[in-house]
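Take the sequence shown: its letter number 146 is residue 146 in the UniProt record's numbering, and every next letter is one higher.
Idealized CB from N, CA, C, for every residue including glycine.
Remember, predicted model here, so these are calculated numbers, not experimental data.
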Amino acid sequence: MWLLRTDKLELVEFSEELAPKYAILSHTWGPDEVTLQDVQAISRKQWSQSVSQTASAIKAKKGFTKIKRTQALAAKMGYRYIWVDTCCIDKTSSAELSEAINSMYRWYQKASVCYAYMEDVEYGCNGSASGQFYLICQGSRCFRRGWTLQESIAPEDVLFYGRDWSHLGSKAKDEDVRISLAAITGIDVRVLEGIVPPREMTIAARMKWASPRETTRSEDMAYCLMGLFDVNMPLLYDEGAKAFIRLQEEILKVSDDHSIFIWTTPEFETPKEALSGLLAETPKHFAHVESYRPMPPALSRASIAWSSTNHGLRIALSIITILDKEGNEVQAEVCAPRTPSTRYLAWLSRQNQFPIRDKPKSLTISYL
Numbered sequence: 001m002w003l004l005r006t007d008k009l010e011l012v013e014f015s016e017e018l019a020p021k022y023a024i025l026s027h028t029w030g031p032d033e034v035t036l037q038d039v040q041a042i043s044r045k046q047w048s049q050s051v052s053q054t055a056s057a058i059k060a061k062k063g064f065t066k067i068k069r070t071q072a073l074a075a076k077m078g079y080r081y082i083w084v085d086t087c088c089i090d091k092t093s094s095a096e097l098s099e100a101i102n103s104m105y106r107w108y109q110k111a112s113v114c115y116a117y118m119e120d121v122e123y124g125c126n127g128s129a130s131g132q133f134y135l136i137c138q139g140s141r142c143f144r145r146g147w148t149l150q151e152s153i154a155p156e157d158v159l160f161y162g163r164d165w166s167h168l169g170s171k172a173k174d175e176d177v178r179i180s181l182a183a184i185t186g187i188d189v190r191v192l193e194g195i196v197p198p199r200e201m202t203i204a205a206r207m208k209w210a211s212p213r214e215t216t217r218s219e220d221m222a223y224c225l226m227g228l229f230d231v232n233m234p235l236l237y238d239e240g241a242k243a244f245i246r247l248q249e250e251i252l253k254v255s256d257d258h259s260i261f262i263w264t265t266p267e268f269e270t271p272k273e274a275l276s277g278l279l280a281e282t283p284k285h286f287a288h289v290e291s292y293r294p295m296p297p298a299l300s301r302a303s304i305a306w307s308s309t310n311h312g313l314r315i316a317l318s319i320i321t322i323l324d325k326e327g328n329e330v331q332a333e334v335c336a337p338r339t340p341s342t343r344y345l346a347w348l349s350r351q352n353q354f355p356i357r358d359k360p361k362s363l364t365i366s367y368l
């Protein structure tokens, strides 16, 4: 991994296992960011007029000020290195980009501290904004972007800063910040407190955290969630919604939690077909999720392996026969308990002898 020194504009490459302590930046990208190649151009040993002109153009970028302020902040706190995604990944190398994105959650988790810079938040006061965090920060773009979800969860501490780098609060030290973050993002406050690791939350709950967020490229909505579910997969840009299907298949390889099937298409979204596959096409389909408990493996039969075939997903599910509103017998998949006395059911149909999801706009709640 590349780390940027805090005393000069110089990148140093380390193996992850031998990396020194570092601070890490969480932010939203703008149109004028500094790249790894920009930093290397400025730090060239042989200076010339053309290099000088290039350096001046790079330093005029808006993103350059963000890096310098991050360096200064980290240096003041005693850190010799920082990691910033704009300039610490060689995005011209597909192999390095893939490695970085697959490792990013872990890099945020291992950072000594994370600085969350919210360029669109005005505060302008000295001292923490604790007690006012929700009112000041709720509309920030940081809470609407896909990549910043993991950046709020993975680091042990996140220090929040406004546009002028005024300190807004600490995730680890300020209870008001944690409560506000939970209200703004939907993330369980116990996860933000570090009491409950994300892996102990159900799949559907974690998907719901991502449901209101956006990414510039549709594939990134899947890639930015890999770390949250502790899975890895190759990056295939231009695959569109297939990336999110691949993500769910990777999750099913390592999880017995069938809450992954508790999804519905939004009311305003008209499905192209009345039927669909068993897996959701986007995290937005988990926005409805309420309270439920993970289904015990014995009931869900989740201990039976699944496989991906040329016909689609092959998995052992608990399926029951119930009556629909017209009194007809239909099959439904038992997804997960909702309460001690109720459970979620997903309507199923059959096509060429294979079960597929019917009525994707709704789930049924039945009594045990």
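Residue i: buried (16+ other C-beta within 10 angstroms of its C-beta) or exposed?
i: L149; result: buried
i: E175; result: exposed
i: F286; result: buried
i: Q71; result: buried
i: L299; result: Because the pLDDT at L299 is just 47, under 50, the model does not fix this residue reliably, and the point stays unresolved.
i: G227; result: buried
i: M104; result: buried
i: T216; result: exposed
For the alpha helix (DSSP H) that residue i lies in, which residues bound it at each end?
i: S94; result: S94 to K110
i: V12; result: That residue, V12, is in no alpha helix (DSSP H); its beta strand (DSSP E) goes L11 to E13.
i: S307; result: Counting along the chain, S307 falls outside any alpha helix (DSSP H), though it belongs to the beta strand (DSSP E) covering S307 to T309.
i: A116; result: Not the alpha helix (DSSP H): A116 falls in the beta strand (DSSP E), residues V113 to Y117.
i: residue 383; result: What the structure shows of the chain is the stretch from 1 to 368, and residue 383 is not part of that stretch, so it cannot be assessed.
i: Y134; result: F133 to C137
i: residue 369; result: Given that the chain is displayed from residue 1 to residue 368, the structure contains no residue 369 and the question cannot be resolved.
What separation, rounded to the nearest whole angstrom, lies between the Cα atoms of residue i and residue j?
i: C87; j: A280; result: 34 Å
i: I251; j: F64; result: 38 Å
i: S56; j: I82; result: 22 Å
i: A100; j: D230; result: 14 Å
i: V158; j: S152; result: 7 Å
i: W263; j: T282; result: 10 Å
i: Q46; j: W107; result: Here Q46 scores only 49 on pLDDT, less than 50, and its place in the model should not be relied on; the value that follows carries that caveat. Computed Cα separation, rounded: 33 Å.
i: L247; j: S307; result: 14 Å
i: I203; j: L278; result: 15 Å
i: S259; j: Y237; result: 28 Å
i: S98; j: S180; result: 33 Å
i: T35; j: I58; result: 9 Å
i: P197; j: C224; result: 18 Å
Classify residue i as helix, strand or coil using the three-state DSSP reduction.
i: G162; result: coil
i: W83; result: strand
i: A41; result: helix
i: A241; result: coil
i: R5; result: strand
With a threshold of 7 Å, establish whether the CB of residue i neighbours any heavy atom of the ligand NAP.
i: N232; result: You won't find the ligand NAP in this model; it holds no ligand whatsoever.
So residue i is in the beta strand (DSSP E); what residue range does that whole segment cover?
i: G169; result: H167 to S170
i: A23; result: A23 to S26
Segments of 4+ residues assigned as alpha helix (DSSP H) that fall wholly inside the segment 191-222: The qualifying runs are 203-210.
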